[in-house]
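Participant:
Laid out in structure tokens, this is it:
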């Protein structure tokens, strides 16, 4: 029993000594880390106002600047289809037509009805005591009544209606452009509930894309955008023309930009968009100058060989830089590298 007690006593004594030596070693390391003789090597920059190129990146979809969905007034047999998808057409060019045989017969009947009504008009005028050969001498109210009684007004109205139906049985290009979504087959019925085809204008195209509501301060009408379709390596330049003043359920705002050229683009193409905006007189620091301490942004400045801790608030950013909105002043020397393990008033030296 005495031997067991002695063994336990020796074990506790050795453990206590070991713990004290560990504490002493840790304390020595901390003193060494914070020793004035240990200087971190850093890189610095002199902070002055400069022009900041802000970039906002998004994804969008290219749209035709103008397009028209063409349809026939009602379903009927398609007589001819003169175009195909992707074909370029000129304004007024004939695209497709319906079978107008019945309408042509109706038009001839309308012409006959008009001729018959004119004879009836002469009889009505003679019955009223007027000479049909001297129309200019007939009072307007008498002539109007005579036209109604003779059926001439009705016959002429029917003629104009039939003539318009014949014209509407022919699809023509409202402007020069490219044919898309052709939905017609010869000898089949024309579609009743959807367009027969679409014409996409040759004019400049546009792109619509969203930006976060937190980024809207970096966007304004007239800003330039770089548009990079995913299908090509070419970059297109555009300018913002619309900013929809509504934030959707995803916290985004819709932007529209017109493109300077559209060669090689098609309606519905997906593309990456980069908004370019220059902010004058901004305090700009590289992202490497910012470190996180307790969840807040900190920038170290250099003064008299020591690093000083500064809480900052950053605003606009691009791929490698921040704009400092609060926490720093022009004329300060900012540590931009070697700041990862710095503490307040840590001694530093310049990296070679």
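In my numbering, the protein residues as written are 7 to 358.
Glycine included, each C-beta is placed from N, C-alpha and C at the ideal position.
I'd like the ranges of any beta strand (DSSP E) spanning at least 3 consecutive residues and lying wholly in the stretch 220 to 248.
Facilitator: Whole beta strand (DSSP E) segments, 3+ residues: 230 to 235.
Participant: Report the CB separation of residue 265 from residue 244 in whole angstroms; it is logged as a contact under 8 Å.
Facilitator: Between residue 244 and residue 265 the Cβ distance is about 4 Å, and since that is below 8 Å, they are a contact.
Participant: When DSSP labels each residue in this structure, what does residue 37 get in the three-state scheme?
Facilitator: The predicted model places residue 37 with a pLDDT of 31, which falls under 50 and marks its position as unreliable, so this point remains unresolved.
Participant: Whole angstroms are fine: how far does the CA of residue 329 sit from the CA of residue 304?
Facilitator: If I take the Cα positions, the gap works out to 14 Å.
Participant: What does the alpha-carbon distance come out to for the pair residue 351 and residue 50?
Facilitator: Their backbone Cα atoms lie some 16 Å apart in a straight line.
Participant: Is residue 133 helix, strand or coil by DSSP?
Facilitator: Residue state, collapsed to three classes: helix.
Participant: Anyone know if the C-beta pair for residue 340 and residue 45 falls short of 8 Å?
Facilitator: For residue 340 and residue 45, no; Cβs fall outside 8 Å.
Participant: Buried or exposed, going by whether 16 or more other CB atoms sit within 10 Å of the CB of residue 220?
Facilitator: Result: exposed.
Participant: With a threshold of 16 other CB atoms inside 10 Å of the CB of residue 218, please say whether the residue is buried or exposed.
Facilitator: Burial call: exposed.
Participant: Our contact map puts residue 131 next to residue 178 with C-beta atoms below 8 Å; I'd like the distance itself, whole angstroms only.
Facilitator: That belief does not hold up - the Cβ atoms of residue 131 and residue 178 are roughly 41 Å apart, past 8 Å.
Participant: Cutting at 8 Å between CB atoms, please list the residues of its own chain near residue 84, excluding the five before and the five after it.
Facilitator: Excluding positions up to five away in sequence, the list reads 102, 103, 104, 105, 190, 191, 192, 193, 194, 195 and 196.
Participant: Does DSSP put residue 380 in a helix, in a strand, or in coil?
Facilitator: No statement about residue 380 is possible, as the shown extent of the chain runs from 7 to 358 and does not include it.
Participant: Going by DSSP in three states, residue 170 sits in which element: helix, strand or coil?
Facilitator: In the structure shown, residue 170 sits in a helix (DSSP, three-state: H, G or I).
Participant: Give the straight-line distance between the Cα atoms of residue 331 and residue 317, rounded to the nearest whole angstrom.
Facilitator: Rounded to the nearest angstrom, the two C-alpha atoms are 11 Å apart.
Participant: Looking at residue 306 and the ligand ADP, is the gap between the Cβ and the nearest heavy atom below 7 Å?
Facilitator: With respect to small molecules bound, the structure shown includes none, and the ligand ADP cannot be examined in it.
Participant: In the DSSP output, what is residue 94 paired with across the bridge?
Facilitator: DSSP lists 184 as partners of residue 94.
Participant: When burial is assigned at 16 or more other CB atoms within 10 Å of the CB, is residue 302 buried or exposed?
Facilitator: Counting Cβ neighbours within 10 Å, residue 302 comes out exposed, since fewer than 16 surround it.
Participant: Could you tell me whether the Cβ atoms of residue 324 and residue 65 are closer together than 8 Å?
Facilitator: Not closer than 8 Å, so no.
Participant: In its own chain, which residues sit with a C-beta less than 7 Å from the C-beta of residue 253, not counting the 5 before and 5 after it?
Facilitator: So the list reads 219 and 259, once near-sequence residues are dropped.
Participant: Compare the beta carbon distance of residue 233 and residue 277 with 8 Å and say whether it is the shorter of the two.
Facilitator: It is a contact, given that the beta carbons lie within the stated cut-off.
Participant: Could you check if residue 184 is buried or exposed, using at least 16 other CB atoms within 10 Å of its CB as the buried criterion?
Facilitator: So residue 184 counts as buried.
Participant: Taking a contact to mean a Cβ-Cβ separation below 8 Å, would you say residue 74 touches residue 204 in this structure?
Facilitator: Cβ atoms of residue 74 and residue 204: closer than 8 Å.
Participant: Confirm, please, whether the CB-CB distance from residue 356 to residue 63 is below 8 Å.
Facilitator: No, they are not a contact pair.
Participant: What residues match up with residue 278 in a beta bridge as DSSP calls it?
Facilitator: DSSP output for residue 278 lists 65 and 234 as bridge partner(s).
Participant: Do residue 57 and residue 286 have their C-beta atoms closer together than 8 Å?
Facilitator: Yes. Within cutoff.
Participant: On the DSSP bridge assignment, give the partners of residue 149 in chain order.
Facilitator: DSSP output for residue 149 lists no bridge partner at all.
Participant: Return the CA-CA distance between residue 169 and residue 159, expressed in angstroms with no decimal places.
Facilitator: Going by the C-alpha atoms only, they are around 15 Å apart.
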